[in-house]
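Chains A and B are the protein sequences, given in the same order. Quick note, the first sequence lines up with residues 3 to 214 if you use this note's numbering. Quick note, the second sequence lines up with residues 3 to 214 if you use this note's numbering. For every residue, glycine included, the Cβ atom is placed at its ideal position computed from N, Cα and C.
There are 2 protein chains.
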Amino acid sequence: MYATESKKVTQKSDRAGEDLRVRRTRKMLIEALIALTVEKGYAAVTVSDITERAMVNRSTFYRHFLDKFDLLDQYMDEVNDLISREEFVEEKVARHKEFAPQGLVNLLKHIQQFADFYRVMLGPHGDPTFIHRFRQNSENRFRYLLEYVGSNDPNASPLELRLSYVSCAGIGVILWWLENNQPCTAEQLAMWMSQLSTTSVGLTIMPSLPKR
Amino acid sequence: MYATESKKVTQKSDRAGEDLRVRRTRKMLIEALIALTVEKGYAAVTVSDITERAMVNRSTFYRHFLDKFDLLDQYMDEVNDLISREEFVEEKVARHKEFAPQGLVNLLKHIQQFADFYRVMLGPHGDPTFIHRFRQNSENRFRYLLEYVGSNDPNASPLELRLSYVSCAGIGVILWWLENNQPCTAEQLAMWMSQLSTTSVGLTIMPSLPKR
DNA sequence: TATTGTATCCAACAGTATGTTATTTATGCA
DNA sequence: TGCATAAATAACATACTGTTGGATACAATA
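Shown next as structure tokens:
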């Protein structure tokens, strides 16, 4: 069992200095998974499918990943790193820009770039673990914002409930966007989302979102 | 291929007058699926698992269902019928009751009854199709409510977007409830949910929800 | 450029789940 | 009680999985 490490070690994805062959193989495999998922849904994709499409021997797949879930998992890690780094970079640039929360806009732009993939993965032919992780990320982005609104209404809903409410609501907005082929710009959607969130749970999305 | 019919024909689930053996077998199979799903997640459950647990021969399974997805599908149909019928019955009884929307309370009480199952199915080890269908049901329940609020604000978010927002938000509330082992009553949760929905997208959940 | 470590390919393997079929057994129903 | 049919049984080809040992190709160094 070669690829066991990937489950244990939360290895820094320093794929940069790695063997060219390794990077190429991994790239082919994840691209194949994405394409196949869009075509026939995540559940229907087999390891054999992936390796055939990627033109990589099947045994090579198992050298890198435990199974297709592991492949997706590692990909999500990489994307997460990428996104949070982007947010950080943009943060300074955009501080004085418009009112639309830049971190959110960046996230939406990334999603737009892989719209087909996200549309499938968050839909009926996607993966429940992916959805769950997406939800958790959403919750984390909102968490620190909600802490600042001290609700003094005694019979108001609990903080964690409102957090779950607004996080899932945000996913609902993104789903609407994806399922309707992004009928508006990322900036516009970010505005609407922050408007709705503000009125619903009483928070204001800041111009720049936190890294975590 | 025996069970193909179930995919085509949206047969009225008049399982009442059916052969005792059939009803018993179907009951054992769905109960096995539910128990196994709670134990090890939906994806990990095999047809062999189900039939073994249900003490039914594997070939018998295929006489009734195409696969485990079909089994779940048909079960969801039955539950749906049950719920909407309950809502209809309760509608008259509860019209003059409290302010909490009775249809919503009934739904929540049903979910509470199978809390373990719903917690798993809507979580990371659930089924994306189940989640999607749950979302659609939620959307349908809200749809007619939102039509009554004619937003005259020109740059407000589209109706369908708000619908998706509030539907997913409702699921978020239910998820919080399930993941925290229902720390409050169904009535209390219904109140909070309708409060949040009212302030967020400007609608009021009526005392009785529509059947469809 | 030559060397070398290692990533990839190749072929083969047992194990497991699937979906289907033909036949026999049993059991609910009228 | 007899009949219709549901369920059990056994067998089958097919497909995917996860793993292995050895041959081959090649990227990264010196």
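Measuring straight from C-alpha to C-alpha, what distance separates A:A56 and A:S50?
If I take the Cα positions, the gap works out to 10 Å.
Once the 5 residues before and after B:H179 are set aside, which same chain residues still bring their CB inside 7 Å of it?
Note on residue identity: the sequence assigns Trp, not His, to residue 179 of chain B. The residues L191, in chain order, have a CB closer than 7 Å to that of B:W179 in the same chain once the five nearest residues on each side in sequence are set aside.
Taking DSSP as the reference, what is the three-state secondary structure of A:Q115?
Of the three classes helix, strand and coil, the one that applies to A:Q115 here is helix, per DSSP.
Which residue spans inside the region 161 to 191 of chain A form an unbroken alpha helix (DSSP H) run of at least 4?
Those alpha helix (DSSP H) runs which fall completely within the region 161 to 191 of chain A and span 4+ residues are 161 to 181.
Collapsed DSSP secondary structure at A:H66 in the structure displayed
Secondary structure of A:H66 (DSSP, three-state): helix.
DSSP state of A:S199 mapped onto helix, strand, coil
Three-state DSSP puts A:S199 in a helix.
Taking 9 Å as the CB-CB cut-off, is B:N142 touching chain A?
No, B:N142 lies away from the interface with chain A (no Cβ there is under 9 Å from its Cβ).
Write down the C-beta distance between B:V58 and B:T39 rounded to the nearest angstrom, noting that I regard them as a contact closer than 8 Å.
Contact between B:V58 and B:T39 is absent: CB atoms are separated by about 17 Å, not below the 8 Å threshold.
Cβ of A:T131 within 9 Å of any chain B Cβ:
Yes, its Cβ sits closer than 9 Å to a Cβ of chain B.
Taking a contact to mean a Cβ-Cβ separation below 9 Å, would you say B:R17 touches B:R23 in this structure?
Not in contact: B:R17 and B:R23 (Cβ atoms no closer than 9 Å).
Taking only beta-carbon atoms, is A:V40 less than 9 Å away from chain B?
Chain B places no beta carbon closer than 9 Å to that of A:V40, leaving this residue out of the contacts.
Please state whether DSSP places A:E20 in a helix, a strand or coil.
In this structure, A:E20 counts as coil in the three-state DSSP scheme.
Check A:A34 in the structure and name its three-state DSSP category.
Helix, per DSSP.
Sorted by chain position, which residues of the same chain lie with C-beta nearer than 8 Å to A:P130's C-beta, five sequence neighbours on each side aside?
Excluding positions up to five away in sequence, the list is empty.
Across the region 160 to 176 of chain A and the region 127 to 145 of chain A, are there enough close Cβ pairs to call them in contact, namely three or more that are closer than 8 Å?
Touching, yes.
For a contact defined as C-beta to C-beta under 9 Å, what are the partners of B:Q197 on chain A?
Within 9 Å Cβ-Cβ: A158 and S159.
Residues in the same chain with beta-carbon distance under 8 Å from B:E141, minus the five sequence neighbours each way, listed in chain order, please.
Cβ-Cβ distances below 8 Å link B:E141 to L165, S166 and S169 in the same chain, with the five nearest sequence neighbours on each side left out; the list follows chain order.
Does any C-beta atom of chain B lie closer than 9 Å to the C-beta of A:A117?
Against chain B, the CB of A:A117 has no partner CB under 9 Å away; the residue lies outside that interface.
Would you kindly work out how many angstroms separate the C-alpha atoms of A:L200 and A:L161, rounded to a whole number?
Looking at the sequence provided, one finds Thr at residue 200 of chain A rather than Leu. In this structure, the straight-line span from the alpha carbon of A:T200 to that of A:L161 is close to 14 Å.
Pick helix, strand or coil for B:P126, following the three-state DSSP scheme.
DSSP places B:P126 in coil when its eight states are reduced to three.
Between B:V107 and chain A, is any beta-carbon pair separated by less than 9 Å?
So, not an interface residue.
Got a sec: is the Cβ-Cβ distance from A:S50 to anything in chain B below 9 Å?
So no, A:S50 is outside the interface.
Determine, using beta carbons only, whether B:L31 and B:F67 come nearer to each other than 9 Å.
Yes, they are a contact pair.
What's the gap between the Cα of A:I52 and the Cα of A:Y44?
The straight-line gap from Cα to Cα measures roughly 11 Å.
Can you tell me which of A:I36, A:L148 and A:F132 puts its alpha carbon nearest to the alpha carbon of A:F116?
Of the candidates A:I36, A:L148 and A:F132, the one whose C-alpha sits nearest the C-alpha of A:F116 is A:I36.
Buried or exposed, going by whether 16 or more other CB atoms sit within 10 Å of the CB of A:V122?
Flag for A:V122 reads buried.
Rounded to whole angstroms, what is the Cα-Cα separation between A:G105 and B:L147?
Going by the C-alpha atoms only, they are around 33 Å apart.
My output table needs one value for B:M57: the three-state DSSP class, helix, strand or coil.
If DSSP states are grouped into helix, strand and coil, B:M57 belongs with coil.
Please compile the residues from chain A whose C-beta is within a distance smaller than 9 Å of the C-beta of B:E162.
For B:E162, the C-beta contacts it makes with chain A under 9 Å involve W178 and N182, in order along the chain.
Under a CB-based cut-off of 9 Å, is A:V175 close to chain B?
Output row for A:V175: interface = yes.
Since B:L198 contacts A:S159 with CB under 8 Å, what's their CB separation in whole angstroms?
Right, their Cβ atoms sit about 6 Å apart.
Counting only beta-carbon separations shorter than 9 Å, does B:V168 have a partner in chain A?
Residue contact with chain A for B:V168: present (Cβ-Cβ distance below 9 Å to some residue of chain A).
Using CA atoms only, rank isn't needed, just tell me which of A:F132, A:E41, A:E54 and A:K42 is closest to A:Y77.
Nearest in C-alpha terms to A:Y77, of all of A:F132, A:E41, A:E54 and A:K42, is A:F132.
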